[in-house]
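Worksheet: one structure, shown below.
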Amino acid sequence: MTQLLLVDDDRDLCSLISDFLTSNGLAVEMAHDGPACLRAAGIRRYDLILLDVMMPGMDGFAVLAELRRFSDTPVVMLTARGEPADRIAGLRLGADDYLPKPFDPDELLARIQAILRRVTGVTVRESSPNIEIAGVRLNPSARAVTCNDQPVDLTAAEYEILEQLMRAAGRPVSRDEISLRLYQREASPFDRSIDVHLSHIRRKLGESGAMIRTIRGAGYLFALDKAGETVE
Numbered sequence: 001m002t003q004l005l006l007v008d009d010d011r012d013l014c015s016l017i018s019d020f021l022t023s024n025g026l027a028v029e030m031a032h033d034g035p036a037c038l039r040a041a042g043i044r045r046y047d048l049i050l051l052d053v054m055m056p057g058m059d060g061f062a063v064l065a066e067l068r069r070f071s072d073t074p075v076v077m078l079t080a081r082g083e084p085a086d087r088i089a090g091l092r093l094g095a096d097d098y099l100p101k102p103f104d105p106d107e108l109l110a111r112i113q114a115i116l117r118r119v120t121g122v123t124v125r126e127s128s129p130n131i132e133i134a135g136v137r138l139n140p141s142a143r144a145v146t147c148n149d150q151p152v153d154l155t156a157a158e159y160e161i162l163e164q165l166m167r168a169a170g171r172p173v174s175r176d177e178i179s180l181r182l183y184q185r186e187a188s189p190f191d192r193s194i195d196v197h198l199s200h201i202r203r204k205l206g207e208s209g210a211m212i213r214t215i216r217g218a219g220y221l222f223a224l225d226k227a228g229e230t231v232e
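Residue numbering for the sequence shown follows the UniProt record's numbering, starting at 1 and increasing by one per position.
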């Protein structure tokens with residue numbers, strides 16, 4: 001059974017969310033502060049963590065930063081702070097998605113299911129061959145990436161974007177295409193999460209990150225080689 005860790009200092013809200021998710025076939029454990037979250041995540045492997053931002057003492061951003069030092073478990077940030085800067089901060093720290101409070105429980109469930117589909121690789125066949133372009137190698141079966149034979153540590157969302165771009169290498173992929181794959185919705189003009197994820201991917205690929213080009217009005221393109229040759 002899918003195991004979730006729900007982290008929020010509001011115990012009543014935790015119970016309500018837990019009851020809803022459990023009724024939909026998910027197993028939920030709860031933690032009510034940052035240190036408890038880190039202890040739990042250090043002991044066992046969860047499929048996904050729901051992490052509140054505004055907790056006393058150690059807030060969600062601090063927890064996420066510490067969590068990413070030892071875990072790549074997908075994280076959905078739950079926040080009553082709807083400012084774009086807060087959302088971007090979470091994504092830059094390695095969050096896979098965010099959901100502003102108050103939220104519809106059905107939307108939360110849909111986002112959890114979408115992330116779990118990506119992480120478990122349901123849409124990628126185990127027999128899928130490796131993809132390699134100019135030293136960047138992607139292994140769909142293991143959901144692993146190397147650059148010049150060195151492992152590259154990507155979050156689930158970053159991996160999905162890179163795979164999508166590499167499978168379409170030589171042609172632009174629109175923001176809507178990426179958003180539909182990641183979030184099952186078209187891109188909002190005010191949502192910068194895709195840009196944040198792409199910035200992380202470029203940085204983690206080092207010099208090879210320049211192969212990911214921004215094509216004005218068309219989207220993003222993974223060049224076929226470092227010289228930037230593309231297919232017309």
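Ideal Cβ placement from N, Cα and C applies to all residues, glycine included. Nothing here was measured: the structure is a model prediction, and the numbers come from that model.
- In the three-state reduction of the DSSP assignment, G135 falls in the coil class.
- Contact annotation: A187 and D176 have beta-carbon atoms nearer than 8 angstroms.
- With contacts defined by Cβ atoms closer than 8 angstroms, C37 and L16 do not form a contacting pair.
- Uninterrupted beta strand (DSSP E) stretches at least 3 residues long and entirely within the UniProt domain "Response regulatory" (3-116) occur at 3-7, 27-31, 48-52, 75-79, 97-100, given in chain order.
- The C-beta separation of V173 from Q164 comes to about 6 angstroms, placing the pair in contact by the 8 angstroms criterion.
- Separation of L21 and P129 (C-alpha to C-alpha, rounded to the nearest whole angstrom) is 36 angstroms.
- In the structure shown, L221 falls within a strand segment according to DSSP collapsed to helix, strand and coil.
- For Q150, the enclosing beta strand (DSSP E) stretches over residues 150-152.
- Judged by DSSP secondary structure, A144 falls outside any alpha helix (DSSP H) and instead within the beta strand (DSSP E) spanning 144-147.
- Where R213 is concerned, the enclosing beta strand (DSSP E) starts and stops at 212-215.
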